Structures are given as C-alpha cells and as structure tokens.
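To keep things clear, I will list the structure first and then write my remarks on it.
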Amino acid sequence: MKYTFPEGLYTDVRIEHVFSTEIAYTMENLQDCKEKKYSAAFIRVYDGAMWYNASTSDLKGIQDEINALAKLAKPNPNIADAPIYKNLSAHKDVVMAFVGREVSGVPLQDKIQLLHKTMPFIKDNKYVKMWRLWYTDNYTVKEFYNSKGADIIFDWQQCGFNASFTMMDGDRKMDESCSVPGISFSDLKGFEDDLIKALAECEEFMLNSVAVEPGKYPVIFAPFVTGVFVHECFGHKSESDFMIGDEATRQEWKLGKKVGGDDLTIVETGNIIGNGYTPYDDEGNKATMTYLIKNGELTGRLHHAASATDLEEGVTGNGRAMSFEYEPLVRMTTSYIDKGSKTFEELIAETENGILVKTLAHGSGMSTFTIAPRISYLVKNGKIDKPVRVSVVTGNVFEALGDIDGISDKVEMWSFIGGGCGKMEQYPLPVGFGGPYIRVKNMTVQ
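Read left to right, the sequence shown gives residues 563 to 1008 (the working numbering).
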C-alpha cells in the first residue's frame, strides 16, 4: 500500500503530474511563451458525517496531510455502512492512452514555429485589423489511491491552435476565430487550410450579410452549435447536484418524461478520446456511457458519489475537479446528440424559409436558453441563400427538444481551445461536445 490510511475513516489521494505550454502572439508581438511542469495532490478524509480536505504540492508530505485530516475527523467503526462510502471506488487499473505521443516531448521551438507559419495567412488579409495567435497544450498523468484499495493511473492530453481576428471594412466589422484542436501535436498539421477557409467565409459574411427579419423560423444548427446547445442548455441541468434539496427541479426533470421525438438521443461519456476524456473521475469511479435522453425520453443524469447517494441512483463517473486545488463536483465530460437518419442535404432541401446557424459567439441557458450566432445563413426554398446577421436565437429547452424534427446522420466532436466549462469557482474545466446537424422547427430569431 502506498499510504497508511487511518482506521474508521474513508481516505483518498489524487495526485496530478502536469506539463503544459502556453504561447501567444498579438500582431507579431510575442505576449506569452512558457512551459510549466509540476506535481501536486488533493487529499480527502470522510468520517460518515463530514469531509475534510487538503491540497499540497509537497508529495513527500502527503502522509502528514492524511494524518492531520484524520485528527480533525471522528473515527467511525461503521464507516463501511455509510451510503456514500458504498458509492466510492475500489478499482485497480492503469490506462495510458498517450504514451509515445506526449506533447511534453515536442520541442518548444516546434510549437513556436507552428504559429510563425500561420502569420502570413492572417496578417496579409487586407480586412484584418487586429489578430492574435495562441497555442496551448497539456499532458497530465493522474494517480488515485484510497482506503478501499483503489489504485489507478491514467493519462490525459490536449493541444490546439487558435487564431482570433477582427475584420473591418468601413462601418462593417466582423469578430471571429478559427480553432484547430488535437490530441497529439501531429494532429495540428494542415491547419492552414482551415484558416484560409475561415478567413474567406468571414470576408464574405462581413461584406454581404444583411440583418435577419425577426420572427419565428425553423433553425438548423451546425454540429458545433448543436454541441454548445447540448452542453449549455441541457447538460448542466443533467448535473444532478442541482437537484439535491430541490423537489420542483427533480419533478421537472423526472426520469421517464417524454421530451422529444423517438430519434432524439443524448449521450454523456468520459470514454471518448478528446478534451472530455476521463476514464476514471476524480473520485476513482469508472466512466460510463450515460444516456441522458434515449428515444426522446429522459433516462439518466450525471452523478458523483454524494449525488448518487442522495437521489438513490448509480454513480456515472462525473465527479470532476478542475485541478488538485479543488474538490470534485458533478461535471460533464463529453456530451453529444447521437446521429439521426437524414443527410445534411435533406435537412436543407426540406426547409422552405429557415436559418442555418454555422458558428456562434456564445450560448447559455438552463430552462430557457440563448444562442448568439456569429455566422448564419438564410435557407430559402430548400437552398442555402444569403448570409444573415442574427443577434440571438432563444427558446425553452424542453420545447426546443420537442421541436427537433430533423437530425443528420453524422456526428462531429469538438473541443474548446483555451476555454472550457465553468461551474461555481472551477473554470475552465476541459470538456468535449458535439452532435450532428439538427433542425428545430420553431424558434425565436432576432
């Protein structure tokens, strides 16, 4: 056993070994260039009534932290009978998915050069007046041990490139960004094509878009927008700690409730390689495939040990902390709408007078939601027509889910570069999201 755990208490230790890089340029001026490497730990002790926590960057002092926390707790000879104790992990596993392609092994100069290769494509565009290039990566190895015998090691990795820019032509202005996420550094090759396409589309939109006529429209979300909608407007409501002590919310989101068509399925899992990859959560519980909605019916929600105990449901591997400094909360991993049966071309061809939302500035919501698009197009007589400026698309979450009348047959996954999910003081937590193209038949567009 790696540590000596006190009798009559539950104890766990979460250790993180982190390597990360941040490089940023603004208008060819280097603003940030740093590599960071550290190891640190979060320690918890539970006596059946209260949790006692500590964090430290002194790995040699972990046993001392365990002993100090144990002195604060009250030993419980029946700790094994505590309901939360029964929902905590005893797994033993090693899952190293990124060995041989660690970003920590890529020279810093290669990462800098990646940004330098990008500069001509953006700085030579006559409409771009301000721009910023940014590279980030992170390779983390986690260890987890507890007094139930858990002994887990796994790794996680992300890297990515982002170009954000402001275009201007007279009184017209366009803010947009192009992100290229990767699992390994080699995934970022070929980013030039993505940037060239993004710049061209932004030019076209800035120069030729017209204001949308406000009203009710069928709205088609591109996969990126679908993913943000699922995450912001539905995923957060599926985090079950929102329901603890709130009977009204539990009834509103009662399992078995019909909320959409038979072809609507929403999945949440930590097993997909990407930003949300979490084979074991920060309580040592194994990732599951959780169907939040299956065939239009509410079928699941996300749990850590405490919420699963309170709602008398199974743990789902969603106890996540942003870093060693924080305790686990119920958080998403990768959330997406599953594929349907229509092609994207069929969704467009079936739409007489609608809106295609291609990219967005932000999205938010719980029971009601707001999507703020950046690039959108009018769909007229079954064809993509002119670009239109849309301020917001709004609606009620359950009504929107029920109004989904078309889902395309291909799912695309996305990751935020340089951002993530926020909850309470823990931001930004890496997550994945995605889905197919979806059409919602009746939405308010302004």
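Here a beta-carbon is modelled for each residue, glycine too, at the ideal position from N, C-alpha and C.
Fair warning: this is a prediction, and the values are worked out from it, not measured in the lab.
Give the secondary structure of residue i by DSSP, where H, G and I count as helix, E and B as strand, and everything else as coil.
i: P949; result: strand
i: S885; result: coil
i: K820; result: strand
i: P785; result: helix
i: H798; result: helix
i: R812; result: helix
i: I646; result: helix
i: T895; result: coil
i: F660; result: coil
i: F906; result: helix
i: E705; result: strand
i: E627; result: helix
i: N640; result: coil
i: T573; result: strand
i: D803; result: helix
i: M1005; result: strand
i: D594; result: strand
i: D620; result: coil
i: E914; result: coil
i: I605; result: strand
i: K751; result: coil
i: V993; result: coil
i: D900; result: coil
i: H579; result: strand
Do you know offhand how far residue i's Cα is from residue j's?
i: G902; j: R1001; result: 11 Å
i: Y572; j: H653; result: 15 Å
i: L967; j: V821; result: Here residue 967 turns out to be Asp, not Leu, going by the sequence shown. Near 13 Å, if we compare the C-alpha coordinates of V821 and D967.
i: V952; j: P645; result: 50 Å
i: E874; j: G818; result: 16 Å
i: L761; j: K688; result: 11 Å
i: S741; j: F978; result: 8 Å
i: T728; j: E754; result: 18 Å
i: I714; j: E801; result: 25 Å
i: G807; j: A867; result: 16 Å
i: S748; j: A630; result: 46 Å
i: V607; j: I758; result: 53 Å
i: A911; j: K904; result: 11 Å
i: F716; j: G836; result: 14 Å
i: Q1008; j: M736; result: 18 Å
i: P637; j: G570; result: 5 Å
i: G862; j: T852; result: 6 Å
i: S746; j: F960; result: 38 Å
i: R882; j: R812; result: 22 Å
i: Y779; j: D947; result: 15 Å
i: L854; j: N1004; result: 23 Å
i: N591; j: L864; result: 44 Å
i: E766; j: D731; result: 12 Å
i: N640; j: N847; result: 22 Å
i: E974; j: F683; result: 26 Å
i: I899; j: I969; result: 9 Å
i: F804; j: G876; result: 16 Å
i: M768; j: S929; result: 33 Å
Report buried or exposed for residue i, applying the criterion of at least 16 other Cβ atoms within 10 angstroms of its Cβ.
i: K673; result: buried
i: T566; result: exposed
i: K704; result: buried
i: D971; result: exposed
i: V661; result: exposed
i: L676; result: buried
i: S709; result: buried
i: V829; result: buried
i: L909; result: buried
i: V656; result: exposed
i: N943; result: exposed
Who are the Cβ neighbours of residue i in its own chain at under 6 Å, not counting the five residues just before and after it?
i: G797; result: M894, S897
i: K599; result: F581
i: M692; result: T728
i: A635; result: L571, V607, D609, Y614
i: Y701; result: F581, E664, V665, S666, Q719
i: K596; result: E584
i: D844; result: R576, G881, R882, A883, P890
i: D594; result: E584, A586
Keeping to the same chain, check which residues put their C-beta closer than 8 Å to that of residue i; ignore five residues upstream and five downstream.
i: I950; result: This sequence places Val at residue 950; Ile is not what is there. Counting only Cβ-Cβ distances below 8 Å, and skipping sequence neighbours, we find S771, V772, A773, V774, I917, S938, Y939, L940.
i: G823; result: G858, G964, I966, D967
i: W976; result: P743, P785, F786, G789, G994, F995, G996
i: D756; result: C740, V742
i: L750; result: L676, C721, G722, F723, V742, G744
Between which residues of its own chain and residue i is the CB-CB distance below 7 Å, once the five residues before and five after are set aside?
i: G984; result: P990
i: R936; result: E738, T921, L922, A923
Following a CB-centred definition, is residue i positioned closer than 7 Å to any heavy atom of the ligand FMN?
i: V993; result: For the structure depicted, the ligand FMN is absent and the ligand set is empty, with no information on it obtainable.
Next on the checklist: What ranges does the beta strand (DSSP E) occupy inside the stretch 933-991, keeping only unbroken runs of at least 3 residues that lie completely in it?
Outcome noted: Taking only runs of at least 3 residues, the beta strand (DSSP E) segments lying wholly in the stretch 933-991 are 945-951, 955-958, 966-969, 974-977, 983-985, 988-991.
Item to check | Contiguous beta strand (DSSP E) assignments of at least 3 residues, all confined to the stretch 657-743 | outcome: Segments of the beta strand (DSSP E) lying fully in the stretch 657-743: 690-708, 713-731.
Checklist entry - Which runs of the alpha helix (DSSP H), 4 residues or longer, sit entirely within the stretch 817-873? => result Correct list: 867-873.
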